[in-house]
Amino acid sequence: MNYAIANWKMNLPPEGIEPYMRMVSGRRRDHGTIVVAPPFPFLRDVAEQARGIEVAAQTCADQEKGAFTGEVAPSMIRYCGVGYVILGHSERRTLYGETDALIAKKLAVAIATGLTPVLCIGEDLRVRDSGQAGPHLAEQIHAVTQSIGNAPVIVAYEPIWAIGTGRNASGALCAETVGEVRSAIQRHWSRGDVPVLYGGSVTPENVQDLVTNGAIDGFLVGGASLDSARFLAIYDALAV
Ligand code: PEP
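Take 16 as the starting number for the sequence shown in the numbering used here and just add one per residue.
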């Protein structure tokens, strides 16, 4: 199954939502599932406007309820009509100090609530240049093994050096690395059914190499997802 996930991050003004959803929603899903991930306050609006597409939150709490000021429980996300949650995004890891242990807790509580997590993993440039990307990614997969079980889960390989930088991985590098990710998933989770996506500066201009050579099951898109036409061009590239 292919996916194209639009991670709006903390972007798009409220008045941009309706025109965006009019473009993207109601599409025939012949070549994969479209998922839109808006900021929390817009989840319910977006879910109500979603026809034949899915909606994701960009993170969630590691607890189900209680005195956790500012946090949002997975059940509250479900209440908004949302089925997916992005977890472990590199911006959460690097800017907000999320560790593998915290991400494992978030995964467990999200899965228990019935959300499908999109687990982001990726290496920085120092790790890539030292030849340790494979082991690093395997460790990020290993660290959450106890949380996953047989639940539906999607993995997004997102090299940190490619996110928001305009420098995407080539199809060949993506295929090589995603091969390592798939074998780590098999080794640690005993799973061969987990879709693996690529994310990092994907655009309509560079998507073809990644589709043809990247050995992936779709994309997690940041910057280029803010323009609905550009996001749909990326989705349409999955048709080959
Ligand atoms: C992301 O943040 O998940 C991402 C892939 O961003 P961008 O496409 O802008 O690199």
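Beta carbons: idealized from backbone N, C-alpha and C, even for Gly.
**Prompt:** Looking only at DSSP bridge pairs, what is asparagine 221 linked to?
**Reply:** Its beta-bridge partners do not exist; DSSP assigns none.
**Asked** Looking at the unbroken alpha helix (DSSP H) that takes in valine 124, where does it start and where does it end?
**Response** Residues 115-128.
**Contact between the stretch 174-193 and the stretch 217-230 (3+ Cβ pairs under 8 Å)** = Here the stretch 174-193 lies against the stretch 217-230, with 3 or more beta-carbon pairs under 8 Å apart.
**Asked** In terms of residues, what are the limits of the alpha helix (DSSP H) holding cysteine 189?
**Response** Counting along the chain, the alpha helix (DSSP H) containing cysteine 189 begins and ends at 186-204.
**Asked** Can you name the residues that DSSP bridges to glycine 233?
**Response** In the DSSP output, where bridge partners are listed per residue, glycine 233 has Tyr18.
**Prompt:** Along the chain, where does the alpha helix (DSSP H) that runs through tyrosine 94 open and close?
**Reply:** First-last of the alpha helix (DSSP H) with tyrosine 94: 89-94.
**Residues near threonine 114 in its chain [Cβ-Cβ closer than 8 Å; skip 5 each side]** = Excluding sequence neighbours, threonine 114 sits near Arg108.
**Request:** Pull up the CB-CB distance for isoleucine 169 and proline 210, whole angstroms please, since I reckon it's below 8 Å.
**Result:** Separation of the CB atoms of isoleucine 169 and proline 210 is rounded to 5 Å, and the pair is thereby assigned contact status at 8 Å.
**Message:** Would you say the beta carbon of glutamine 148 is closer than 7 Å to some non-hydrogen atom of ligand 1?
**Reply:** According to the sequence displayed, residue 148 carries alanine and not glutamine. Flag unset: Cβ of alanine 148 not near ligand 1.
**Prompt:** Ordered along the chain, which non-local residues of its own chain (more than five positions away) have a Cβ less than 8 Å from that of alanine 254?
**Reply:** Correct list, in chain order: Asp45 and His46.
**Asked** Between leucine 122 and methionine 38, what straight-line distance do the alpha-carbon atoms span, to the nearest angstrom?
**Response** Roughly 31 Å separates the two Cα atoms.
**Request:** Report yes if the CB atom of proline 3 is closer than 8 Å to the CB atom of methionine 25, and no otherwise.
**Result:** Examination of residue 3 is not possible in this model, given that the chain is present from 16 through 255 alone.
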